[in-house]
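The block underneath contains the structure these notes are about, expressed in structure tokens.
Protein chains in written order, with this note's numbering: chain H, 77 to 190; chain D, 6 to 118.
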């Protein structure tokens, strides 16, 4: 069974630009969660989608948005990039929403904002 | 805000020794999970323990859960150099319909050959 795939692996953007990250979950998983990981803040929850509906959202500004498609693939978008958005963005899929089943993580997208 | 907090922040041991990491959390939970992360990679799920369970084992891993103290521990026995990684506990919250999974800041484990 293929794991969670995140693309691209690395991104370099400049301040003010926008970026779209992609996540393909494990086949059969309907829940996709996104996390931002930085050395200073650790792993911060961004949002979770289940069957194309946003179930939960973390404490991030509206510049961070996401969506999920009917095939469970998910994208997250960050508009008007700031230097502080530089981070490792991790996507995870699971069978059920919430913490009732293990999260399966991709290897992340490393975003650098200059 | 972080639901779980791991202790210690960093741990260095010799190969063959046991490593114990602790996690404390603030609100009642449905489930608690432990994950491992090797540098710059995604997290790997280790064990999920439900609120009505007290202990779970998986190979060299042993997880305990004490809901009265709102704490959990992860024990790695007979550690190996390959166990060098960061370890995170993750919790949900019992009161909401759709719980989000929140991670603690992690424990950095170094196993010296």
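The beta-carbon is built from N, C-alpha and C at its ideal position, and this holds for glycine as well.
None of the values given here were measured: they were computed from a predicted structure.
Cβ shell of residue i (< 8 Å), same chain only, five flanking positions each side left out
i, result
"residue 12 of chain D", "26, 27, 28, 29, 112"
"residue 18 of chain D", "24, 84, 114, 115, 116, 117"
"residue 102 of chain H", "77, 78, 79, 80, 169, 180"
Cβ neighbours of residue i in the same chain (closer than 6 Å, five flanking residues each side left out)
i, result
"residue 108 of chain D", "93, 95"
"residue 15 of chain D", "113"
"residue 6 of chain D", "In this predicted model, residue 6 of chain D has a pLDDT of only 45, less than 50, meaning its place in the structure is not dependable; the value taken from the coordinates is given anyway. Once the five neighbours on either side are set aside, residue 6 of chain D has no close Cβ partner at all."
"residue 94 of chain H", "155"
"residue 159 of chain H", "189"
"residue 153 of chain H", "96, 141"
Straight-line gap, residue i to residue j (C-alpha atoms, nearest Å)
i, j, result
"residue 118 of chain D", "residue 61 of chain D", "28 Å"
"residue 116 of chain D", "residue 146 of chain H", "44 Å"
"residue 108 of chain H", "residue 106 of chain D", "12 Å"
"residue 10 of chain D", "residue 63 of chain D", "22 Å"
"residue 74 of chain D", "residue 190 of chain H", "45 Å"
"residue 118 of chain H", "residue 90 of chain H", "23 Å"
"residue 131 of chain H", "residue 81 of chain D", "34 Å"
"residue 141 of chain H", "residue 81 of chain H", "19 Å"
"residue 172 of chain H", "residue 40 of chain D", "18 Å"
"residue 129 of chain H", "residue 98 of chain H", "17 Å"
"residue 114 of chain H", "residue 21 of chain D", "31 Å"
For residue i, the residue or residues it bridges with in DSSP
i, result
"residue 146 of chain H", "In the DSSP output, where bridge partners are listed per residue, residue 146 of chain H has none listed."
"residue 132 of chain H", "H:124"
"residue 16 of chain D", "D:114"
"residue 106 of chain D", "BP columns for residue 106 of chain D are empty, so no partner."
"residue 105 of chain H", "Beta-bridge pairing links residue 105 of chain H to no other residue."
Other residues of its chain near residue i: CB distance less than 7 Å, five sequence neighbours each side excluded
i, result
"residue 120 of chain H", "111, 112, 134"
"residue 58 of chain D", "70"
Of the residues the options, the one placed nearest residue i, counting alpha carbons only
i, options, result
"residue 35 of chain D", "H:131, H:180, H:176, H:87", "H:176"
"residue 48 of chain D", "D:56, D:86, D:57, D:38", "D:38"
"residue 56 of chain D", "D:82, D:68, D:50, D:110", "D:68"
"residue 116 of chain H", "H:173, H:168, H:164", "H:164"
"residue 179 of chain H", "D:87, D:42, D:90", "D:42"
"residue 78 of chain H", "H:152, H:182, H:162, H:141", "H:182"
"residue 127 of chain H", "H:136, H:141, H:149", "H:149"
"residue 169 of chain H", "H:185, H:92, H:106, H:85", "H:106"
"residue 100 of chain H", "H:171, H:172, H:187, H:83", "H:83"
So if I threshold CB-CB distances at 8 Å, which residues from the segment 149 to 178 of chain H count as touching chain D? Against chain D - using a Cβ distance shorter than 8 Å - the residues of the segment 149 to 178 of chain H are 164, 166, 168, 173, 174, 175, 176, 177, 178.
Closer than 9 Å, Cβ to any Cβ of chain H: which residues of the segment 34 to 50 of chain D, in chain order? Within the segment 34 to 50 of chain D, those residues whose Cβ lies closer than 9 Å to any Cβ of chain H are, in chain order, 34, 35, 36, 37, 38, 40, 42, 45, 46, 47, 48, 49, 50.
Just by C-beta distance, which residues in the segment 123 to 143 of chain H are closer than 9 Å to chain D? Residues of the segment 123 to 143 of chain H with a C-beta less than 9 Å from any C-beta of chain D: 123, 124, 126, 131, 132, 133, 134, 135, listed in chain order.
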